[in-house]
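One structure is given below, encoded as structure tokens.
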Amino acid sequence: MLRRRRQRYLALKIVGEETVNKEDLMKAVWSAVLQLYGEYGASQVNLVPIEVDPGRNRAILRCSHKALEMVRASITSITKINEKPTAIHVIGVSGTLKSLRKKLLW
Amino acid sequence: MRRFADLHLRPSIRDLNQLEKMIGKSYELGYRLVGIPLPPDATQNTISMLRKICSDAGIDFVTRVDLTPKKSQELLMELRRLRRKFEVISVTCDSKPVARQAAKDRRVDLLSFPTDSRKRFFDQAEAELASQALASLEIDMAPLLLLRGELRTRLFSRLRREVEIAEKFNVPIVVSSGATDEYLLRTPHDFAAFATLFDLAKPLGLRALSGNPLGIVKRNREKLSPNYVALDVRVIKRGKNC
């Protein structure tokens with residue numbers, strides 16, 4: 001029987017001059033993953049947006065646990081979204097959404 | 107808990123607002139010690155002002171000077187003049203003779219190289235000298251975040267080689283932000299993840315952001331203390347009856 005794929009949930013804090021919506025955030029993250037790891041690498045990350053809250057500049061993404069460092073490095077490399085200087089900080093990582101929310105009190 | 111340090115925060119020291127913002131942000135991201143490069147003729151007032159801003163933010167402040175000498179003679183003169191004034195001395199090696207002189211001089215703490223991969227002289231000979239003189243290789247992250255395409259690819263490739271050499275010769279690696287604004291600051295774990303792109307393993311990356319820079323600061327503060335005489339020799343008591 002196939003084993004269930006393990007996942008990691010990443011809590012992000014977006015720091016920028018303007019608020020960032022879900023589409024722009026995912027576009028920036030995918031573009032960073034593709035730039036650093038190419039299409040083959042990007043196919044391994046299984047990136048899914050779980051929650052994006054533009055009002056509070058925070059988001060939760062899910063990725064494959066094996067690709068955690070790849071996603072983290074890609075997120076770190078983002079310096080602009082919509083041509084505006086932006087930084088995205090990973091402020092927490094967890095194996096379940098419940099524990100991530102508990103850890104960060106979200 | 108691990109203490110993280112960013113030895114190369116580069117705000118404009120004239121812009122008080124930016125200074126406070128970046129120092130506050132560094133604390134928020136998990137750094138507890140920051141090094142800010144100062145001009146060689148920095149006054150005591152400037153240093154006190156920076157120390158105050160940092161202590162208000164809950165961060166330990168380290169004075170640092172970045173030297174960019176054209177010739178090795180110039181480097182020696184600057185080291186003689188500035189070593190006892192600053193806690194950390196970094197040398198940006200623009201030429202091979204300067205790189206070699208900096209690597210073998212015990213007064214140099216950090217060896218830094220330009221982003222142009224043709225001007226990075228950290229080879230095996232350099233590493234051997236640096237390892238004997240206890241100098242560390244500094245890698246700034248800001249250029250890696252800002253560069254794109256071929257230039258970044260070349261830099262990654264060059265850094266991969268340098269990390270390999272540094273590990274072989276036990277030259278400590280120090281990862282710094284090199285940030286000129288708050289958008290170039292990242293958490294230590296994010297920088298460590300990014301450093302895996304040039305084959306610096308995560309535990310080594312974290313050490314390059316904590317143990318290695320903290321070790322340099324501890325060693326230099328000890329040397330600059332009035333009780334320091336020589337290696338392993340300290341003044342433990344002063345007075346007439348000693």
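Protein sequences appear in the order of chains A and B. Sequential numbering of the first sequence, starting at 1, is according to the working numbering. Sequential numbering of the second sequence, starting at 107, is according to the working numbering. No residue lacks a Cβ here, since even glycine has one placed at the ideal position from N, Cα and C. A quick note: this is a predicted structure, and the numbers were derived from the prediction, not measured.
Unbroken beta strand (DSSP E) run spanning residue i, endpoints
i: Asp166 (chain B); result: Asp166 to Leu173
i: Cys63 (chain A); result: Arg58 to Ser64
i: Arg138 (chain B); result: Tyr137 to Pro143
i: Lys84 (chain A); result: Lys84 to Ser94
i: Val281 (chain B); result: Ile279 to Ser282
As assigned by DSSP and simplified to three states, the class of residue i
i: Gln7 (chain A); result: strand
i: Phe110 (chain B); result: strand
i: Thr79 (chain A); result: coil
i: Val45 (chain A); result: coil
i: Leu291 (chain B); result: coil
i: Val341 (chain B); result: coil
i: Leu105 (chain A); result: coil
i: Leu310 (chain B); result: helix
Option in the options with minimal Cα separation from residue i
i: Leu144 (chain B); options: B:Leu261, B:Lys127, B:Gly130 and B:Thr169; result: B:Thr169
i: Pro278 (chain B); options: B:Val269, B:Glu184, B:Ile142 and B:Thr286; result: B:Val269
i: Thr286 (chain B); options: B:Phe110, B:Gly136, B:Gly141 and B:Arg190; result: B:Gly141
i: Pro249 (chain B); options: B:Phe167, B:Thr221, B:Ile119 and B:Arg190; result: B:Thr221
i: Val33 (chain A); options: A:Leu61, A:Ser77 and A:Lys84; result: A:Ser77
i: Ile75 (chain A); options: B:Tyr289, B:Leu217 and B:Pro146; result: B:Tyr289
i: Ser196 (chain B); options: B:Met183, B:Glu180, B:Phe219 and B:Asp338; result: B:Phe219
i: Lys13 (chain A); options: A:Arg5, A:Trp106 and A:Asn57; result: A:Asn57
i: Ala307 (chain B); options: B:Asp215, B:Glu273 and B:Leu240; result: B:Glu273
Residue environment, residue i, which counts as buried when at least 16 other CB atoms sit within 10 Å
i: Ser99 (chain A); result: exposed
i: Lys131 (chain B); result: buried
i: Ala336 (chain B); result: exposed
i: Val280 (chain B); result: buried
i: Leu156 (chain B); result: buried
i: Ile342 (chain B); result: exposed
i: Gly38 (chain A); result: exposed
i: Asn318 (chain B); result: buried
N- and C-terminal bounds of the alpha helix (DSSP H) containing residue i
i: Leu182 (chain B); result: Ser178 to Leu188
i: Ser237 (chain B); result: Gln230 to Ala239
i: Leu303 (chain B); result: Segment: none, Leu303 (chain B) is in no alpha helix (DSSP H) and carries neither H nor E.
i: Asp246 (chain B); result: Counting along the chain, Asp246 (chain B) falls outside any alpha helix (DSSP H), though it belongs to the beta strand (DSSP E) covering Ser242 to Asp246.
i: Leu330 (chain B); result: Gly317 to Leu330
Cβ-Cβ separation, residue j to residue i (assumed contact under 8 Å), whole Å
i: Ile81 (chain A); j: Ala28 (chain A); result: 5 Å
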